[in-house]
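J.: Sharing a structure below in structure tokens format, with a few things to ask.
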Amino acid sequence: MEVQTSALTRARHMLESQGRFPGGALPGDITESWLRSLSHGLDPLARSHRLILTETEFTATRQSHADLIRFARPELELLFDQIAGSNFMIALGSPDGVVLDTLHDVQFAETEAGAQVIPGSVWTEDLRGTNAMGVCIATRRPAQVYGGEHFLRAHGDVSCISAPIFDGSGGLAGVLDASSMSAVRQQHTAALVQMSASSIENSLIRARHDRRVVLQFHPRPEYLGTLSMGMLVLDEDLTIHAVNRKGEMFLTGFPRLLGESFERIFEQPFAAIQRRLAEGETLRIRDRMGSAVSVRCVANRASFALARAAVPVADTVAEGPGPARNLFRDVVIEDPALWQRLQALPDAARRGLAVAISGETGTGKEIVARLVHAAAGRKGPFVVLDGRLMAEGDVSRACFGSAGTPGLLEQAAGGTLFLDEVTALPLAAQAALAGVLDLGEFRHPDTGALIRVDLRVVSASSDPLAAQGLLPALRYRLEGFRLDLPPLRLRSDLEPLALRFARATRAEFRMTPAALARLRAHDWPGNLHELRAVMTQAALIHADDPCEAADFDRLLPDLPAECAPGSACGQCAPVPWKAQQCQTIRETVARHDGNVSQAARVLGMSRTTVYKHLTD
Numbered sequence: 069m070e071v072q073t074s075a076l077t078r079a080r081h082m083l084e085s086q087g088r089f090p091g092g093a094l095p096g097d098i099t100e101s102w103l104r105s106l107s108h109g110l111d112p113l114a115r116s117h118r119l120i121l122t123e124t125e126f127t128a129t130r131q132s133h134a135d136l137i138r139f140a141r142p143e144l145e146l147l148f149d150q151i152a153g154s155n156f157m158i159a160l161g162s163p164d165g166v167v168l169d170t171l172h173d174v175q176f177a178e179t180e181a182g183a184q185v186i187p188g189s190v191w192t193e194d195l196r197g198t199n200a201m202g203v204c205i206a207t208r209r210p211a212q213v214y215g216g217e218h219f220l221r222a223h224g225d226v227s228c229i230s231a232p233i234f235d236g237s238g239g240l241a242g243v244l245d246a247s248s249m250s251a252v253r254q255q256h257t258a259a260l261v262q263m264s265a266s267s268i269e270n271s272l273i274r275a276r277h278d279r280r281v282v283l284q285f286h287p288r289p290e291y292l293g294t295l296s297m298g299m300l301v302l303d304e305d306l307t308i309h310a311v312n313r314k315g316e317m318f319l320t321g322f323p324r325l326l327g328e329s330f331e332r333i334f335e336q337p338f339a340a341i342q343r344r345l346a347e348g349e350t351l352r353i354r355d356r357m358g359s360a361v362s363v364r365c366v367a368n369r370a371s372f373a374l375a376r377a378a379v380p381v382a383d384t385v386a387e388g389p390g391p392a393r394n395l396f397r398d399v400v401i402e403d404p405a406l407w408q409r410l411q412a413l414p415d416a417a418r419r420g421l422a423v424a425i426s427g428e429t430g431t432g433k434e435i436v437a438r439l440v441h442a443a444a445g446r447k448g449p450f451v452v453l454d455g456r457l458m459a460e461g462d463v464s465r466a467c468f469g470s471a472g473t474p475g476l477l478e479q480a481a482g483g484t485l486f487l488d489e490v491t492a493l494p495l496a497a498q499a500a501l502a503g504v505l506d507l508g509e510f511r512h513p514d515t516g517a518l519i520r521v522d523l524r525v526v527s528a529s530s531d532p533l534a535a536q537g538l539l540p541a542l543r544y545r546l547e548g549f550r551l552d553l554p555p556l557r558l559r560s561d562l563e564p565l566a567l568r569f570a571r572a573t574r575a576e577f578r579m580t581p582a583a584l585a586r587l588r589a590h591d592w593p594g595n596l597h598e599l600r601a602v603m604t605q606a607a608l609i610h611a612d613d614p615c616e617a618a619d620f621d622r623l624l625p626d627l628p629a630e631c632a633p634g635s636a637c638g639q640c641a642p643v644p645w646k647a648q649q650c651q652t653i654r655e656t657v658a659r660h661d662g663n664v665s666q667a668a669r670v671l672g673m674s675r676t677t678v679y680k681h682l683t684d
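Written as structure tokens, this is what we have:
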């Protein structure tokens, strides 16, 4: 380490004094990035400027990457929970280097780096020199830049780790970045960042191709459904439309994949396996290089249509072996009470009823909404309108569009409009939506043109709509079929859920009966989100030995029943600035009626960080 540090010090001295540096003194990616930074005419001693988009530019950028932001946010929270500590932040970047979203500790926000890395800031190499996000965009590879490896001396007090997020069609969809004030190389964190980037990539591919057949495949069947699986997207003519990075690795012997027919890659004709895939089977097939893989079809709108074509109409009831079974195949539902509630869901979706889903944060409301969309078998897309992101002035443009840009209502025509946290919508938006749902049409705010929209609506709220004071005009149009999702603490299938999350990271994961008992004793205020975070960490820690109860004692902070909001916890009380911060956290939790997830979102912190301040 001393030799490496000395080499970096000498290289920096030459860079700053002579505008050149010795070859071989730095890691290859850093050397190449410094050379690119010099070619851009950057001065390594220049001050770092606040390069930030205007509000209008940033709003347009966020809208153009709405899918990326939506699917990345849960991963940002999970990643933050896994690596949270003092002076740490997670950032999501666009392919153009614009920071779209962040999560950070309060300590990091108070640093110079925290003041620089904010939503709307731009971090490309040509503007900022060597930085992990910029290097990642330039090379399309994971990047790590520590301290003085940054081209600008002004960035030398921060270390950052980035991983690319691809769109499955050869393009860069975004960048995930973790930054800290530590100069210690963090390979464990780098692995977590790359895993989160892969998870976002898989979610994007699956969501963007809901009208196409999506296949999961892997040489070993137990890895299907994990981050190690390959994904193939087939067009209507059975050519490959998209493939994830793992899929490219498994099929490296082929000169190209995109645009190739299924039968040029695999020995079996797709028609020969269509029925069995539609019925939810996992099949063993062989590619034309002689390698065997296990393959199954992802449950989405296209697979639902595939199932309808492959099985008799009589088999499409919820209890039969057709689409309803296929519909729930990719989710763990072994709780009898929940399974009973879900039995009527496919029929309600096919009948076009508006579905209202209630449940605590993390109970799986969006997953169920996507199942409704798949069961309905409609041709249009699944479009999300998040009530928490709709400020009063943004409603008209977001919902109804602006000149040359269709709004969310028009985008969802022929498909499903998912109203997430619908009770958070401003009253004006609620009234406007009620009118659209009643008439099936609206007038464009700019042109005045009458636009007809055929919408199926699924809404979600943390509590039943009747308890939230939703406008009656909207509420009665949303409650065609009501479904209340139970919190994790009331479900009887904790064990299979926990194993699914852990084995998505490490297929061989095991835990002792005492460890399972420790999980069952926890209250799970974060529900499935919290369980996923805990089990992912447990799987990373235990490569060979079974996970013990003591391991979960460290991973599961206990939340006291009551926490005085006017005082600081025992650890923070002796230090005035820490005490003030702690009081702010406790007061925020109290204002949100003890809902740690909501308080963490408001504070820009992880749930784990908030929990630390709720114990005395």
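In our numbering, the protein residues as written are 69 to 684. Just so you know, even glycine gets a beta-carbon here, dropped at the ideal spot from N, CA and C.
1. Is the beta carbon of Arg-654 sitting closer than 8 Å to the one on His-681?
2. What three-state label does DSSP hand Leu-539 in the structure shown?
3. Look up Asp-621 in the DSSP assignment and say whether it is helix, strand or coil.
4. Looking at C-alpha atoms only, which residue of His-117, Arg-559, Val-423, Glu-143 is the closest neighbour of Tyr-544?
5. Residues in the same chain with beta-carbon distance under 6 Å from Leu-538, minus the five sequence neighbours each way, listed in chain order, please.
6. Return the CA-CA distance between Phe-549 and Arg-438, expressed in angstroms with no decimal places.
7. What residue range is occupied by the uninterrupted alpha helix (DSSP H) comprising Ser-264?
8. Which value, in whole angstroms, describes the spacing of the CA atoms of Val-385 and Asp-415?
9. Have a look at the DSSP bridge pairing and note the partners of Val-452.
10. Shortest alpha-carbon distance to Ala-541 belongs to which of Ala-497, Asp-454, Leu-113, Asn-312?
11. For a test of the three-state rule: what should DSSP assign to Ser-299, helix, strand or coil?
12. Report buried or exposed for Arg-419, applying the criterion of at least 16 other Cβ atoms within 10 angstroms of its Cβ.
13. Quick check: the segment 444 to 451 against the segment 474 to 488, are at least 3 beta-carbon pairs closer than 8 Å?
14. Go through its chain and collect everything with a Cβ distance to Thr-294's Cβ below 6 Å, but skip five positions before and after it.
15. Thinking just about the alpha-carbon of each residue, which of Cys-467, Val-361, Val-526, Ala-499 is nearest to the one in Ala-443?
16. DSSP puts Pro-232 in a beta bridge; with which residues?
17. Classify Leu-168 as helix, strand or coil using the three-state DSSP reduction.
18. In the DSSP assignment, what are the bridge partners of Ser-105?
19. What would DSSP say about Gln-212, mapped onto helix, strand or coil?
20. Closer than 6 Å by C-beta to Ala-691: which residues in its own chain qualify, once you throw out the five before and the five after it? Chain order, please.
21. Does Ala-424 come out as helix, strand or coil in the three-state DSSP assignment?
22. Taking three-plus beta-carbon pairs below 8 Å as touching, is the segment 291 to 311 in contact with the segment 167 to 178?
23. Could you pull the start and end residues of the alpha helix (DSSP H) that Phe-338 belongs to?
24. Would you check if there are 3 or more beta carbon pairs closer than 8 Å linking the segment 149 to 163 to the segment 171 to 183?
25. When you compare only the Cα positions, how much space is there between Gly-469 and Val-678?
26. Report the rounded CA-to-CA distance for Glu-125 versus Arg-465, giving the unit in angstroms.
27. Taking 8 Å as the threshold (C-beta atoms), are Glu-84 and Arg-36 in contact?
28. Looking only at its own chain, which residues have a Cβ that is under 6 Å from the Cβ of Ile-425, when we skip the five neighbours before and after it?
29. Which residues does DSSP list as the beta-bridge partners of Phe-569?
30. Tell me whether the beta-carbon of Val-27 lies closer than 8 Å to the beta-carbon of Pro-554.
31. Taking only three categories from DSSP, how would you classify Pro-560?
32. I'd like to confirm the pairing. Which residues does DSSP put opposite Arg-524 in its beta bridges?
33. Only counting the same chain, and skipping five residues up and downstream in sequence, which positions put a Cβ closer than 6 Å to that of Ala-75?
34. How many whole angstroms separate the CB atoms of Val-226 and Met-249, which I take to be in contact at a CB cut-off of 8 Å?
35. Count the other CB atoms within 10 Å of the CB of Arg-356; is the residue buried (16 or more) or exposed (fewer)?
36. If the criterion is Cβ atoms closer than 8 Å, does the pair Ile-268 and Phe-139 meet it?
T.: To lay it out plainly:
1. yes
2. coil
3. helix
4. Val-423
5. Thr-491
6. 15 Å
7. 255 to 276
8. Caution applies to Val-385, whose pLDDT of 32 falls short of 50 and renders its modelled position unreliable; the value that the coordinates give is listed next. Val-385 and Asp-415: Cα-Cα distance of roughly 8 Å.
9. Phe-486
10. Ala-497
11. As written in the sequence, residue 299 is Met, which differs from the Ser given in the question. Strand.
12. exposed
13. yes
14. Ala-572
15. Val-526
16. Val-243
17. strand
18. In the DSSP output, where bridge partners are listed per residue, Ser-105 has none listed.
19. strand
20. Within the shown structure, residues of the chain are numbered from 69 to 684, placing residue 691 beyond reach of any answer.
21. strand
22. no
23. 338 to 346
24. yes
25. 38 Å
26. 15 Å
27. In the structure as shown, the chain begins at 69 and stops at 684. Residue 36 is therefore absent and cannot be evaluated.
28. Lys-433, Val-436, Ala-528, Leu-551
29. None; Phe-569 has no bridge partner.
30. Limits of the chain in this structure are 69 at one end and 684 at the other, which puts residue 27 out of reach.
31. For clarity, residue 560 is Ser in the given sequence; the question names Pro instead. In the structure shown, Ser-560 sits in coil (DSSP, three-state: anything other than H, G, I, E or B).
32. Thr-484
33. Ala-93
34. 6 Å
35. exposed
36. yes
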